[in-house]
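Residue numbers (this note's numbering): 1 to 493.
Here's the structure, in structure tokens; my notes come after.
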Amino acid sequence: AIDTALIRLFTARMKLGLFDPQSMVPYANIDEKELNYAPPRALARPLADEAMVLLKNDGTLPLKPSVKKIAVIGPLADETRVLLGNYNGQPTHTVSILEGIKKEFSGAQIEYMAGTQFLSHQADPVPNSALTTGGKPGVKVTYTKLDMTNLNHPEQMKKLAERVEPNIHPGAEPLPSETEGVKPLAIRYEAMLTAPATGDYNLGMKSSGFFRMQLNGKSVTSSYGGDPNEAKLGRVHLEAGQSADLVVEYADISGGKPSAQLVWSKSDLAPDPKAIEAAKKADVVIAVVGITSQLEGEEMQVSEPGFLGGDRTSIDLPEPEENLIEALAGTHKPLVVVLTNGSALAVNWANEHANAILDAWYPGEEGGTAVADTLSGKNNPAGRLPVTFYTGTGQLPNFEDYSMNNRTYRYFHGKPLYPFGYGLSYTTFAYKDLTLPTAAVDPTKDLSAEVTVTNTGKVAGDEVAQLYLSFPPVAGAPIRALRAFKRVHLDPG
Numbered sequence: 001a002i003d004t005a006l007i008r009l010f011t012a013r014m015k016l017g018l019f020d021p022q023s024m025v026p027y028a029n030i031d032e033k034e035l036n037y038a039p040p041r042a043l044a045r046p047l048a049d050e051a052m053v054l055l056k057n058d059g060t061l062p063l064k065p066s067v068k069k070i071a072v073i074g075p076l077a078d079e080t081r082v083l084l085g086n087y088n089g090q091p092t093h094t095v096s097i098l099e100g101i102k103k104e105f106s107g108a109q110i111e112y113m114a115g116t117q118f119l120s121h122q123a124d125p126v127p128n129s130a131l132t133t134g135g136k137p138g139v140k141v142t143y144t145k146l147d148m149t150n151l152n153h154p155e156q157m158k159k160l161a162e163r164v165e166p167n168i169h170p171g172a173e174p175l176p177s178e179t180e181g182v183k184p185l186a187i188r189y190e191a192m193l194t195a196p197a198t199g200d201y202n203l204g205m206k207s208s209g210f211f212r213m214q215l216n217g218k219s220v221t222s223s224y225g226g227d228p229n230e231a232k233l234g235r236v237h238l239e240a241g242q243s244a245d246l247v248v249e250y251a252d253i254s255g256g257k258p259s260a261q262l263v264w265s266k267s268d269l270a271p272d273p274k275a276i277e278a279a280k281k282a283d284v285v286i287a288v289v290g291i292t293s294q295l296e297g298e299e300m301q302v303s304e305p306g307f308l309g310g311d312r313t314s315i316d317l318p319e320p321e322e323n324l325i326e327a328l329a330g331t332h333k334p335l336v337v338v339l340t341n342g343s344a345l346a347v348n349w350a351n352e353h354a355n356a357i358l359d360a361w362y363p364g365e366e367g368g369t370a371v372a373d374t375l376s377g378k379n380n381p382a383g384r385l386p387v388t389f390y391t392g393t394g395q396l397p398n399f400e401d402y403s404m405n406n407r408t409y410r411y412f413h414g415k416p417l418y419p420f421g422y423g424l425s426y427t428t429f430a431y432k433d434l435t436l437p438t439a440a441v442d443p444t445k446d447l448s449a450e451v452t453v454t455n456t457g458k459v460a461g462d463e464v465a466q467l468y469l470s471f472p473p474v475a476g477a478p479i480r481a482l483r484a485f486k487r488v489h490l491d492p493g
């Protein structure tokens, strides 16, 4: 078994040219002009359009021409990182949902507010006056040669220089002469942090390199790179006048010039009253909420309720966003909820009270365009759920129960919030004349099924015809299983 795995692995590596000189590797000789250029970008848009899943609609969508005032509320509306998921390339431009809406509804008055500080990346530089070392202003800074094998034992790395600097701001001060020509550098910052007022704070760094942060010996946040203008924050509680022990370890693993900045902001997760007032004045409210790949992912430092190290302990919409959409619904204006997520969300309250729910997932560089196209009706949504949306973790067995009973659509006995394969359209479809073989089928041969699908609505749209098989009650057999699907485009009639 090990030999089989190794042969597959190394065959793939050989095909990729990882053992050959760069001159022989076709992938190493692709002209940069062929990366991130017009044809693949043109492909990104229909892919994003096809990924939109309409979960609920009482007729509010598509938005009517009479809509002249749109309130876009939500912490993810003006974000682009969320649209890319993770393990991704970096487009030269990613269309945010807010940008897409502004362009598609250029004739309408659009007001945007985050509505809550939850998931916000807004933060200000921590002032020098908040940092001390040895009772005096400043930060103790230790420069070492980065040794990845001793990342968790910085004391074992070769120390190059040590001094006091005014702040935690790699790159702001000239580097010590002892570090000249040494790449990559590891920099350790130690200081006492004192807040001017008691409260919860978002504390972190703006950095394109690697960093991890501890306060009083507890992890706050960390990052392995990304947008240097986007703060990576964790939530901490600080008491006015009381100092907390702050340690930051930083390295630009690429070997580039150090560049980072210590930032913070007061944390208030309650719905913003100004956003609620903006909603009251609008013809329709579009709430952009959900989760991000910075909450759900692989081995991450996450300090939010419902998440543990990148895993999820709850599938509910995070409480600050739930409170926000409840407050928006209280304005009694039509409410459209747009979700971003890479896994199921138990949006039970929204399902009961919102006028429409659109799941955008992590739709890529043209994701904002696709959301706006779907809200306007330019794109008739036909995406279908690739996972079951349960009403909550209460419908599932214990996470440590590895049997498949009551897991996934194939073995689930309950009534989910939205089933696997579910998705609405702006038109309607009818099925008739299902034809199956009349004689017994050889289990080693294909089975053919034919059905007539008709667009019975008033607009053109795609339908995803899905074929499921049900199974006899044999131990281990699923209750049902998807065995084929086909997406077809049909004009009215």
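We treat Cβ as the ideally placed atom computed from N, Cα and C, and that holds for glycine.
Source: prediction; values computed, not measured.
Compare the Cα-Cα distances from residue i to each of the options and report the closest residue.
i	options	result
residue 123	264, 410, 50 and 61	264
residue 211	8, 28, 439 and 186	186
residue 170	326, 462, 178 and 139	139
residue 381	268, 424 and 193	424
residue 117	481, 101, 295 and 269	269
residue 165	261, 121, 24 and 442	261
residue 493	294, 430 and 26	430
residue 73	474, 333, 478 and 390	333
residue 144	16, 346, 156 and 286	156
Name the DSSP bridge partner or partners of residue i?
i	result
residue 8	Answer by DSSP bridge pairing: none, since residue 8 is not bridged.
residue 343	Per DSSP, none; premise fails for residue 343.
residue 389	418
residue 162	142
residue 202	235 and 265
residue 56	357
residue 455	429
residue 113	73
residue 102	Residue 102 pairs with nothing; no bridge assigned.
residue 221	213
residue 207	260
residue 338	288 and 358
residue 137	132
residue 438	Looking at the DSSP assignment, residue 438 forms no beta bridge with any residue, so it has no partner.
Quick one: Cα of residue i to Cα of residue j, how far?
i	j	result
residue 98	residue 417	28 Å
residue 226	residue 470	46 Å
residue 432	residue 491	17 Å
residue 310	residue 209	20 Å
residue 392	residue 352	15 Å
residue 403	residue 4	27 Å
residue 94	residue 306	28 Å
residue 399	residue 316	16 Å
residue 183	residue 275	47 Å
residue 44	residue 127	42 Å
residue 237	residue 302	15 Å
residue 176	residue 41	44 Å
residue 385	residue 92	30 Å
residue 360	residue 436	36 Å
residue 358	residue 47	16 Å
residue 219	residue 195	18 Å
residue 294	residue 472	42 Å
residue 189	residue 247	6 Å
residue 257	residue 288	36 Å
residue 239	residue 481	56 Å
residue 193	residue 89	36 Å
Is the separation between the beta-carbon of residue i and that of residue j shorter than 9 Å?
i	j	result
residue 191	residue 131	yes
residue 283	residue 67	yes
residue 249	residue 125	no
residue 328	residue 115	yes
residue 54	residue 383	yes
residue 180	residue 376	no
residue 292	residue 340	yes
residue 253	residue 160	no
Tell me where the alpha helix (DSSP H) around residue i begins and ends.
i	result
residue 352	348 to 353
residue 189	Careful: residue 189 lies outside any alpha helix (DSSP H), inside the beta strand (DSSP E) at 185 to 194.
residue 411	408 to 411
residue 367	367 to 376
residue 49	38 to 51
residue 246	Taken as a continuous stretch (DSSP letters only), residue 246 belongs to no alpha helix (DSSP H), being part of the beta strand (DSSP E) at 243 to 251.
residue 463	Where residue 463 is concerned, there is no enclosing alpha helix (DSSP H), although the beta strand (DSSP E) it sits in stretches over 461 to 470.
residue 327	319 to 329
residue 64	Neither: residue 64 is in no alpha helix (DSSP H) and is coded neither H nor E.
residue 315	Run containing residue 315: none; DSSP gives neither H nor E here.
residue 276	273 to 280
Which first and last residues belong to the beta strand (DSSP E) in which residue i is found?
i	result
residue 132	131 to 133
residue 286	284 to 290
residue 484	480 to 490
Using a Cβ-Cβ distance cut-off of 9 Å, determine whether residue i contacts chain B.
i	result
residue 269	Within the model displayed, chain B is absent; a lone protein chain is all it includes.
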